[in-house]
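For reference, the structure discussed in these notes is given below.
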Amino acid sequence: MIYPIVIFLKYKSTKQIREVKDSRYLTEKVTTKAAKEMFEHALKIESEYKQLIN
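Residue numbers (our numbering): 1 to 54.
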């Protein structure tokens, strides 16, 4: 049987999301609004799948 492995990155704040740089997109920055949306989405995923995340 194959079990998927998922890595869930948990950021402390939206500011931390904005500070992370992807080397493929150095010129593009994450907007404050996009960082907030990503952070809120991560919180939702974490709460919905809390029993599966170790």
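No residue lacks a Cβ here, since even glycine has one placed at the ideal position from N, Cα and C.
This one's a predicted model, so the numbers in the text were calculated from it and none came from an experiment.
Outcome for Ala34 when other beta-carbon atoms lying within 10 angstroms are tallied against a minimum of 16: What you label residue 34 is simply residue 34 of the sequence shown in a count that begins at 1. The residue in question, Ala34, is exposed, as its Cβ has fewer than 16 Cβ neighbours within 10 Å.
Contact under 8 Å by Cβ, Thr14 with Lys36: Taking the sequence shown and counting its residues from 1, one reaches residue 14 at position 14. Taking the sequence shown and counting its residues from 1, one reaches residue 36 at position 36. Yes, the Cβ-Cβ distance between Thr14 and Lys36 is below 8 Å.
Separation of Leu52 from Ile7, as counted between CA atoms: Looking up residue 7 in the sequence shown gives position 7. Looking up residue 52 in the sequence shown gives position 52. Cα to Cα, the separation comes out at about 12 Å.
Beta-carbon contacts of Arg18 that lie in its chain and below 6 Å, excluding the five residues immediately before and after: As a working note, residue 18 is residue 18 in the sequence shown. Cβ neighbours of Arg18 beyond the five flanking positions: Val30, Ala35.
Cut-off 8 Å between Cβ atoms - residues of its own chain near Phe39, not counting five sequence neighbours on either side: By 1-based counting over the sequence shown, the position of residue 39 is 39. Excluding residues within five positions, the ones whose Cβ falls inside 8 Å are Tyr11, Ser13, Thr14, Ile17.
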